[in-house]
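**Student:** Counting in the working numbering, the sequence shown runs from 268 upward without gaps.
One structure coming up, written as structure tokens, with questions to follow.
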Amino acid sequence: MTVTHLASVARKRAPRLAGDARRAQIVTAACSFFADNGFSGPTRDLAASIGVTQALLYRYFDSKTDLIEAVFAEAFRTHWSEGALEAFAASAGQPMVDRVADVYAGMIGRMTATTTRLLFRAGLDSYAEPVARNLARSWPVWMALLDQWRAEEGVPSLAERPLLEGERTLMHAFHNAMMTIRVRAFVFGFAPTLDDAEEIRQVAETHDAGVRSVLRLLHSGAVTTPRALPASAGALVAA
């Protein structure tokens with residue numbers, strides 16, 4: 268090994284840190300590493316990217332799964348749905364398109380490249396639990412929106428008439444359309460042609476009209492397929 272190579276290795280070695288600081292450094296680096304490389308990448312590559320040994324990683328985490336759990340806890344410590352339910356309630360009386368656009372402007376604004384990519388990596392690499400937890404945290408917001416759409420279309424509330432399977436998938440489709448704004452930028456790498464506010468409003472306008480039309484159909488008695496049946500309890504937050 269040459270002197271030049273030794274010097275290079277020395278430069279890459281991470282400085283000594285206290286235990287909590289080192290753990291935080293590892294988690295922060297792992298968020299970016301897994302977002303870029305997926306969860307199947309070897310932890311030795313993660314360690315090398317930080318400038319520590321693989322053995323040091325496992326001084327702070329019992330297993331790779333333990334590290335991945337810490338990554339999701341950190342990445343979604345402040346979830347994009349936080350405050351959305353309160354914001355929606357505070358806008359009562361305004362047009363539904365405006366209310367939906369305002370709620371999702373706040374949510375989309377919190378979706379970073381790292382969190383968006385981590386969520387998709389989790390799905391691709393069969394880490395279903397973090398995906399399910401994220402859906403569950405957004406669920407109350409979707410149900411508040413749906414209840415308002417029901418009320419405006421003269422359909423009994425969710426407290427009076429249970430959620431239908433078609434409504435469950437309808438709300439997922441609506442949310443997915445909003446999320447695609449970030450997916451195109453952070454997963455597919457497409458340059459936006461509209462700013463966030465314009466695109467969010469367009470999705471809100473499109474789905475406001477579409478949701479109303481589908482709600483009227485589902486609750487008219489004209490649909491006899493499974494989408495007009497009550498959603499099963501086990502499937503309520505399934506994608």
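Beta carbons are placed, not taken as given, at the ideal position from N, Cα and C, and that holds for glycine.
With H, G and I counted as helix, E and B as strand and the rest as coil, what does DSSP make of Pro362?
**Tutor:** Residue state, collapsed to three classes: coil.
**Student:** Determine the burial state of Ala506: buried for a count of at least 16 other Cβ atoms within 10 Å of its Cβ, exposed for fewer.
**Tutor:** Note that Ala506 scores a pLDDT of 45, beneath 50, so its modelled location is shaky; the value from the coordinates is reported in the next line. With fewer than 16 Cβ atoms within 10 Å of its Cβ, Ala506 is classed as exposed.
**Student:** Starting from the C-beta of Asp369, find all residues in its chain whose C-beta is less than 7 angstroms away, skip the five residues before and the five after it, and write them out in chain order.
**Tutor:** Within the same chain, Asp369 has close Cβ partners Ala354, Ser358.
**Student:** Under 8 angstroms, do Ala389 and Val398 count as touching if we go by C-beta distance?
**Tutor:** Yes, the Cβ-Cβ distance between Ala389 and Val398 is below 8 angstroms.
**Student:** Are the stretch 365-385 and the stretch 442-453 touching by the rule of at least three beta carbon pairs closer than 8 angstroms?
**Tutor:** The stretch 365-385, when compared against the stretch 442-453, does touch it at the 8 angstroms Cβ threshold.
**Student:** Which of the three DSSP states is assigned to Leu413 in this structure?
**Tutor:** In this structure, Leu413 counts as helix in the three-state DSSP scheme.
**Student:** Less than 8 angstroms between the beta carbons of Leu402 and Asp414, yes or no?
**Tutor:** Cβ atoms of Leu402 and Asp414: not closer than 8 angstroms.
**Student:** Compute the distance between the beta-carbons of Val408 and Ser480, then report whether it is under 8 angstroms.
**Tutor:** Result no, Cβ atoms of Val408 and Ser480 do not sit closer than 8 angstroms.
**Student:** Assuming contact is defined by CB atoms lying nearer than 8 angstroms, are Ala495 and Gly456 in contact in what I supplied?
**Tutor:** No, Cβ-Cβ distance for Ala495 and Gly456 is not below 8 angstroms.
**Student:** Going along the chain, which residues of its own chain have a beta-carbon closer than 6 angstroms to the beta-carbon of Phe339, five neighbours each way excluded?
**Tutor:** If we look at Phe339 and ignore the five residues flanking it on each side, its Cβ neighbours are Pro397.
**Student:** Quick test of your reading: Pro493 and Leu430, contact by CB under 8 angstroms. State the CB separation rounded to the nearest angstrom.
**Tutor:** About 13 angstroms separates the two Cβ atoms, so there is no contact after all.
**Student:** Let me know if Ala418 comes out buried or exposed under the rule of 16 or more other beta-carbons within 10 Å of its beta-carbon.
**Tutor:** Its Cβ having fewer than 16 others within 10 Å, Ala418 is exposed.
**Student:** Which residues in the same chain as Ser307 place their Cβ atom closer than 8 angstroms to its Cβ, once the five residues preceding and following it in sequence are excluded?
**Tutor:** Asp392.
**Student:** If you draw a straight line from the C-alpha of Gln361 to the C-alpha of Met438, how long is it?
**Tutor:** Rounded to the nearest angstrom, the two C-alpha atoms are 21 angstroms apart.
**Student:** Pick out whichever of Phe343, Thr345, His346, Leu313 has its Cα sitting closest to the Cα of Lys331.
**Tutor:** Among Phe343, Thr345, His346, Leu313, the Cα nearest to that of Lys331 is on Leu313.
**Student:** For Ala471 and Ala372, what's the separation of their Cα atoms in angstroms?
**Tutor:** Approximately 10 angstroms, taken between the alpha carbons.
**Student:** Quick check: the Cα distance between Val454 and Ile335, rounded to an integer number of angstroms?
**Tutor:** Rounded to the nearest angstrom, the two C-alpha atoms are 20 angstroms apart.
**Student:** Name the one or two DSSP bridge partners that Pro497 has.
**Tutor:** Pro497 is bridged to Leu431.
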